[in-house]
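Per the UniProt record's numbering, the sequence shown starts with residue 1, numbered consecutively.
Positions of the beta carbon are idealized from the N, C-alpha and C atoms, including for glycine.
Encoded as structure tokens, the structure appears first; notes follow it.
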Amino acid sequence: MAIRNMLNRLQGPKALPMTLEGEADLPMDTGHPMRVGLWVLGLGFGGFLLWAALAPLDQGVPTSGQVVVTGNRKTVQNLAPGMVDAILIKDGDEVKEGDVLLRLDPTQARSQYEVARAQWLVAKAVEARLLADVQGRSEITFPEDLLKDKDDPRAASAMAIQTQLLRSRRAALQAELGAMENTLAGLQSSATGLEATRRAKEQQSKLLLEELKGLREMAAEGYLPRNRLSEQERLLAQLGGAISEDLGNLGRTQRSIGEIRMRMLARQQDYHKEVENGLAEVQKEVSALDSRLKGLAFELANTEVRAPKEGIIVGLKVHTIGGVLASGTPLMEVVPKNEPLRIDVMIPTTLIDKVKPGLPVDIIFPAFNQKVTPNIPGELGQVAADATTDPQGRMPPYYLGQVVVTPEGMKKLTTHEIKPGMPAEVIIKTGERTLLNYIVKPLLDRAKPALTEE
Numbered sequence: 001m002a003i004r005n006m007l008n009r010l011q012g013p014k015a016l017p018m019t020l021e022g023e024a025d026l027p028m029d030t031g032h033p034m035r036v037g038l039w040v041l042g043l044g045f046g047g048f049l050l051w052a053a054l055a056p057l058d059q060g061v062p063t064s065g066q067v068v069v070t071g072n073r074k075t076v077q078n079l080a081p082g083m084v085d086a087i088l089i090k091d092g093d094e095v096k097e098g099d100v101l102l103r104l105d106p107t108q109a110r111s112q113y114e115v116a117r118a119q120w121l122v123a124k125a126v127e128a129r130l131l132a133d134v135q136g137r138s139e140i141t142f143p144e145d146l147l148k149d150k151d152d153p154r155a156a157s158a159m160a161i162q163t164q165l166l167r168s169r170r171a172a173l174q175a176e177l178g179a180m181e182n183t184l185a186g187l188q189s190s191a192t193g194l195e196a197t198r199r200a201k202e203q204q205s206k207l208l209l210e211e212l213k214g215l216r217e218m219a220a221e222g223y224l225p226r227n228r229l230s231e232q233e234r235l236l237a238q239l240g241g242a243i244s245e246d247l248g249n250l251g252r253t254q255r256s257i258g259e260i261r262m263r264m265l266a267r268q269q270d271y272h273k274e275v276e277n278g279l280a281e282v283q284k285e286v287s288a289l290d291s292r293l294k295g296l297a298f299e300l301a302n303t304e305v306r307a308p309k310e311g312i313i314v315g316l317k318v319h320t321i322g323g324v325l326a327s328g329t330p331l332m333e334v335v336p337k338n339e340p341l342r343i344d345v346m347i348p349t350t351l352i353d354k355v356k357p358g359l360p361v362d363i364i365f366p367a368f369n370q371k372v373t374p375n376i377p378g379e380l381g382q383v384a385a386d387a388t389t390d391p392q393g394r395m396p397p398y399y400l401g402q403v404v405v406t407p408e409g410m411k412k413l414t415t416h417e418i419k420p421g422m423p424a425e426v427i428i429k430t431g432e433r434t435l436l437n438y439i440v441k442p443l444l445d446r447a448k449p450a451l452t453e454e
């Protein structure tokens, strides 16, 4: 009935009814406003469809993240065990790189270092003395690293002792060799005397032999008694025996001379071998002490725990003077200052195929007033090669991405300060889509498997 009335109105005017006075009523077109409204509604809907089909809208992957320092927090640990002697900072303090944060009691480390250093000073002095001995020098040339500590009583004492020891050992060797040389000289003198006596007796024997030739001729002719000839022959025999005895004594003396010379050579060789062996041993000791000293010096230096970077102290865990710390105990953290900030975002594994490094992002900081703080432009940097899994299973796996604020975005943040730990909502722009595509695509995605189902 309502439709019929509407059609009647659209058909135009009919015969107008007459009034009591006989005049017709004026015609009234009540369908015109409705037609205008329908045209406006149609044009609006058509314009909306046209906009939905053609106007590009940003397509993106929403993620959440947190602001972190590019260099990350620096955990401060003690390298060597020890007892806390002083705590020089507190949470929130600003420190510079190299500032002393905490001191451990250095008594034990310094004691061990000084004992090792005293041993090193002695070993270096012994090494210098043995080198001089091996090279045959009468004076010791001490190394520079020992001479620079000459004001140290331990170094001065070690050098003086080794200098005196070199002289005394050399003197003892020379005295021993001198005694052998004196014995050798005596034997050589005896050998010379024996040789001279032997030659004299040989000459005497020759003369006596010539004399016997004449006496034998005289005895054969009867001019000389036999007893006189026998006496001369006996003298010649005695002289030959004396010569033989002298030869024996001379041989023994020569052998003694050879033995003395061998003993002198052997003593010198033993001395040099002893020095060379001692030098090899002390050089090993010096090398070991060098390494030990470096380690102990490192431990002593690290009784002062210093700031690894300029920043702010957070998470101080040590509060007791006299407390004992094990090696490698985490003491506190330093949040680096003046380091670039980035946002670590968690990208869902189901959307990882849509993101890649270099994509633009919009960053929203919930901590700021959104009415006066616009979306901050940024850029997606590195994306992890593998997914991260929560060991406790409280959140699904994700890919860790790193977002940095662009210079344009930093200009928009001039009135705000980004601090490590702030939450951030990030939309990674992966392209453009129309509103119609947003609406229709899910329906088509669901309809496609339904239409292909057998």
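Proximity winner among the options, relative to residue i (alpha-carbon distances)
i      : options                           : result
Ile428 : Val84, Lys309, Met262 and Asn375  : Asn375
Leu351 : Leu194, Arg306 and Tyr399         : Tyr399
Leu250 : Asp290, Gln268 and Gly186         : Gly186
Val403 : Glu417, Glu425 and Gly136         : Glu425
Ala179 : Arg263, Met410, Pro357 and Met422 : Arg263
Glu195 : Met159, Arg169, Pro153 and Ala242 : Ala242
Val69  : Asn369, Thr415 and Arg342         : Arg342
Glu408 : Ala109, Met422, Gly393 and Pro360 : Pro360
Ile312 : Val40, Arg73 and Glu181           : Arg73
Thr415 : Gly401, Gln119, Val383 and Asn369 : Asn369
Gly295 : Gly240, Gly378, Ala109 and Asp85  : Ala109
Gln382 : Ala118, Ile347 and Leu247         : Ile347
Gly401 : Asp246, Val40, Gln66 and Gly44    : Gln66
Pro377 : Asp85, Asp386 and Asp362          : Asp362
Lys150 : Ala86, Leu121 and Arg306          : Leu121
Ala80  : Glu245, Ala297 and Glu233         : Ala297
Arg137 : Arg170, Leu413, Ser189 and Arg394 : Arg170
Leu289 : Ala118, Ile87, Pro62 and Val84    : Ala118
Pro308 : Thr192, Met332 and Ala266         : Met332
Gly421 : Thr430, Phe365 and Glu181         : Phe365
Glu259 : Ser230, Gln188, Leu316 and Glu233 : Gln188
Leu279 : Leu131, Val61, Leu293 and Asp91   : Leu131
Gly358 : Thr430, Arg306 and Thr349         : Thr430
Met83  : Lys412, Val305 and Arg255         : Val305
Lys213 : Lys201, Ala385, Arg199 and Ser230 : Ser230
Glu114 : Val134, Ile87, Asp93 and Asp152   : Asp152
Three-way DSSP call (helix, strand, coil) for residue i in this model
i           : result
Ile89       : coil
Leu121      : helix
Pro348      : strand
Val383      : strand
Leu413      : coil
Ile243      : helix
Lys429      : strand
Met6        : Caution is warranted here: a pLDDT of 45 is assigned to Met6, below 50, making its placement in the model unreliable, and no coordinate value can be reported.
Lys14       : With a pLDDT of 47 at Lys14, under the threshold of 50, the modelled position of that residue is not reliable, and the figure given next carries that caveat. Lys14 falls in the coil class under three-state DSSP.
residue 520 : There is simply no residue 520 to check, as the chain begins at 1 and stops at 454 in what is shown.
Gln254      : helix
Leu400      : strand
Gly42       : helix
Gln66       : strand
Met395      : coil
Glu23       : Residue placement at Glu23 is flagged as unreliable, the pLDDT there being 45, under the threshold of 50; a coordinate-derived value is accordingly withheld.
residue 457 : Nothing about residue 457 can be reported from this structure: the residues present for the chain run from 1 to 454 only.
Met1        : Per-residue confidence for Met1 stands at a pLDDT of 44, beneath the threshold of 50, marking its modelled position as unreliable; the derived number appears in the next sentence. In this structure, Met1 counts as coil in the three-state DSSP scheme.
Ala424      : strand
Ile161      : helix
Pro374      : coil
Ala183      : Reading off the sequence shown, one finds Thr at residue 183, where the question assumed Ala. In the structure shown, Thr183 sits in a helix (DSSP, three-state: H, G or I).
Lys74       : strand
Whole-number beta carbon distance between residue j and residue i, since they are thought to touch under 8 Å
i      : j      : result
Val335 : Val76  : So it is not a contact: roughly 11 Å between Cβ atoms.
Ala155 : Leu146 : 6 Å
Thr197 : Asp246 : 5 Å
Val318 : Leu102 : 7 Å
Residue i and residue j closer than 8 Å at C-beta
i      : j      : result
Val355 : Leu380 : yes
Leu104 : Thr303 : yes
Ala128 : Glu285 : no
Val95  : Glu310 : yes
Leu236 : Leu208 : yes
Pro106 : Leu300 : yes
Ser64  : Pro423 : yes
Thr320 : Asn78  : no
Ala116 : Gln162 : no
Ser190 : Thr253 : yes
Ser205 : Gly240 : yes
Gln238 : Glu211 : no
Thr388 : Pro396 : no
Contact test: residue i Cβ vs the ligand HEM heavy atom, cutoff 7 Å
i      : result
Arg306 : Questions concerning the ligand HEM fall outside what the structure shown contains, since it holds no ligand whatsoever.
Write down every uninterrupted run of the alpha helix (DSSP H) in the region 258–342 whose length is 4 residues or greater and which is fully enclosed by it, in chain order. The qualifying runs do not exist here; there are none.
In the region 96–159, which residue ranges form an unbroken alpha helix (DSSP H) of at least 4 residues, counting only runs that do not cross its ends? Segments of the alpha helix (DSSP H) lying fully in the region 96–159: 107–134 and 144–147.
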